[in-house]
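Student: Got a structure for you, written out below as structure tokens; questions coming shortly.
Printed below as a string of structure tokens:
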């Protein structure tokens, strides 16, 4: 309602000022060329237009507010979203879902389009579906390349990183038995070093640039770094055969916004422990 009132007020002010300008213009056209008495009125008119436009931008910007993330207090499918927002230097709020009742309330209030999270409130929208959210953030904050070809490559690399990240993320949820989880962890590590990391190593080798696509930071760089670090949490020397990825990791990790995100106390969530998994099952099971 406030937004509508503000916009109507802006329209009224601009119409009023425009009407006055027409009156001034009519007076100017009918007055002697030597007369300069109209100049103060013209100057005031244009300063008023500039003032109202600027105030409009500021007010609408304030109304947008910080993005608000709705998820439980763990990594899961929200973690990559946290990464992208933080890499873009965007502050956000988190409304943690702490019980099944919290989740049911979101559903009952009609805030979850497909009855599931993650959900992000941003720019007046309530976005669900991880990839849709990531695509919007990447587009909004210039993390998706300069043209359609770059975007295709970025999407391709990001999806590869997302697939590997999903395998890692699901390990404690799909395999509560520790022995079975260790076996599956070894299988995921084999896929990381045999299928995914060789691709990213070759990309860096072929073009010799600092970033994966277009020699500028994109969501692909951020998501590949995320999955590298997640894989290293399972096996510290997992990059031992990938020197270019080692250099890539160091380089991207030192970008100021990302470096800040990697510091203690940031919104980055720790690896899931047994307590986190138990809490998650209570909410989502």
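In full-length UniProt numbering, the protein residues as written are 1 to 285.
Glycine residues also receive a C-beta, built at the ideal position from the N, C-alpha and C atoms.
1. Start and end of the beta strand (DSSP E) containing residue 93?
2. On the premise that residue 90 lies in contact with residue 70, defined as a C-beta separation below 8 Å, what is that separation, rounded to the nearest angstrom?
3. Using a Cβ-Cβ cut-off of 7 Å (strictly less than) and excluding sequence neighbours within five positions of residue 126, which residues of its own chain qualify?
4. Three-state secondary structure (DSSP) at residue 166?
5. Taking 8 Å as the threshold (C-beta atoms), are residue 164 and residue 218 in contact?
6. With burial defined as no fewer than 16 other Cβ atoms inside 10 Å of the residue's Cβ, what is the status of residue 72: buried or exposed?
7. Just to confirm, is the Cβ distance from residue 261 to residue 268 under 8 Å?
8. Nearest CA to the CA of residue 273: which residue from 132, 113, 169, 196?
9. So the alpha helix (DSSP H) residue 103 belongs to, where does it begin and stop?
10. Are the CB atoms of residue 154 and residue 220 within a distance shorter than 8 Å?
11. Over what stretch of residues does the alpha helix (DSSP H) that includes residue 136 continue unbroken?
12. Would the region 275–284 and the region 226–233 be scored as touching if the rule is three or more Cβ pairs under 8 Å?
13. Taking the alpha carbon of residue 94 as the reference point, which residue from 101, 85, 100 has its own alpha carbon closest?
14. Report buried or exposed for residue 145, applying the criterion of at least 16 other Cβ atoms within 10 angstroms of its Cβ.
Tutor: Let's see:
1. Per DSSP, the continuous beta strand (DSSP E) segment holding residue 93 begins and ends at 93–96.
2. Here residue 70 is actually not in contact with residue 90; their C-beta atoms are around 16 Å apart, not less than 8 Å.
3. If we look at residue 126 and ignore the five residues flanking it on each side, its Cβ neighbours are 111, 119.
4. Residue state, collapsed to three classes: helix.
5. Against a cut-off of 8 Å, the Cβ pair of residue 164 and residue 218 comes out as no contact.
6. By the 10 Å Cβ count, residue 72 comes out buried.
7. The answer is yes: Cβ separation under 8 Å.
8. Checking every option, the nearest Cα to that of residue 273 belongs to 169.
9. Residue range 100–108 is occupied by the alpha helix (DSSP H) that includes residue 103.
10. In this structure, residue 220 places its C-beta atom within 8 Å of the C-beta atom of residue 154.
11. 130–140 is the extent of the alpha helix (DSSP H) around residue 136.
12. No, the region 275–284 is not in contact with the region 226–233.
13. Answer by Cα proximity: 85.
14. Burial call: buried.
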